[in-house]
Structure formats: C-alpha cells, structure tokens
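Student: Counting from 97, one number per residue, gives the positions in the sequence shown under my numbering.
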Amino acid sequence: LGRSPRLRWLWLSRTSDPRPALPVRVDSISQAFFNASIKCEVGDGRSTLFWSDPWLAGSCLAALAPDLVDIVPSRQRNRRTVASALTDLAWISDLVGPLTLPFCLSFFFSGKGYRRSLWTLLPRTV
Numbered sequence: 097l098g099r100s101p102r103l104r105w106l107w108l109s110r111t112s113d114p115r116p117a118l119p120v121r122v123d124s125i126s127q128a129f130f131n132a133s134i135k136c137e138v139g140d141g142r143s144t145l146f147w148s149d150p151w152l153a154g155s156c157l158a159a160l161a162p163d164l165v166d167i168v169p170s171r172q173r174n175r176r177t178v179a180s181a182l183t184d185l186a187w188i189s190d191l192v193g194p195l196t197l198p199f200c201l202s203f204f205f206s207g208k209g210y211r212r213s214l215w216t217l218l219p220r221t222v
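1. Ordered along the chain, which non-local residues of its own chain (more than five positions away) have a Cβ less than 7 Å from that of Y210?
2. Quick one: what does DSSP say T177 is sitting in, helix, strand or coil?
3. Cα separation between S125 and A181?
4. Using a 10 Å radius around the Cβ and a threshold of 16 neighbouring Cβ atoms, would you call F190 buried or exposed?
5. Could you check the C-alpha separation between R102 and L197 for me, to the nearest Å?
6. Using the Cα positions of T183 and F130, report the straight-line distance between them to the nearest angstrom.
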C-alpha cells in the first residue's frame, strides 16, 4: 500500500464505529506523519490509545519516551486506552521488558529535548 491508503486506514480505525476488524501494519514514518496531523481530545479516554496517540502534552508516548514504549508488547500498544491505562495505574503492568538504563532515563528524566519527564507529566494528567 502507498502512504495515502495507510493514512486513510489509520483515520478510519480511529473514527469508525465499529472499528475495522483487520489491523494493517503501518510503518513508523506513516504513523509519525499521522500523529503529527491530528490532535487528540481525550474526553473519557475510551477511544484514545495510551501508547500511540498524541494525547500527552500534544505528543505520543512513543515520541516522548521510545525506550519506555519499546518494552511494551505491540498487542498492548495497539489496544490500551487512556481510560484503562490510568485506572489504578494499569499502564505499569504493560511494561514487561527489561528495565534498562535507557528506560529509566526516559521515564525519570527528560529526554529528546523535552522539558519534563514522564514521571512528572503522568501524575498531573490523572
């Protein structure tokens, strides 16, 4: 598929009710382009994806802390909503990979030129 159909699929997967049953693999460039093109309003958080949608300070967690997102299984990345993740801090149970130094740095300290760490951003959001 070309880039345009992939972006259309991403848009339909966010706006259609019910969502399309068959997921389509999207390359990181198309996903980044899509995320830069949309603005997420969380509302009740049931339709906003926690790990991949740009809901936190206008960015997605994959852009803010890629080392953190790398240890989350893709199944959870594509299904965990903001509502379910922030309920009893359930997002922490998604972290199943090794807790490496880059992971700890991206979680507790700011990275990639970002002013605040996730440690300070997430509690303010709850």
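Just so it is clear, CB atoms sit at the ideal spot from N, CA and C, and this is done for glycine as well. Here the structure is a predicted model, which is why all the values come from computation and not from measurement.
Tutor: So, to answer that:
1. At Y210 the pLDDT is 48, less than 50, meaning the model places this residue with poor confidence; the figure from the coordinates comes in the next sentence. Only L160 meet the Cβ criterion.
2. strand
3. Position check: residue 125 holds Ile in this sequence, whereas Ser was assumed. One C-alpha to the other measures close to 25 Å.
4. Position check: residue 190 holds Asp in this sequence, whereas Phe was assumed. Flag for D190 reads buried.
5. 34 Å
6. For T183 and F130, the distance between alpha carbons rounds to 27 Å.
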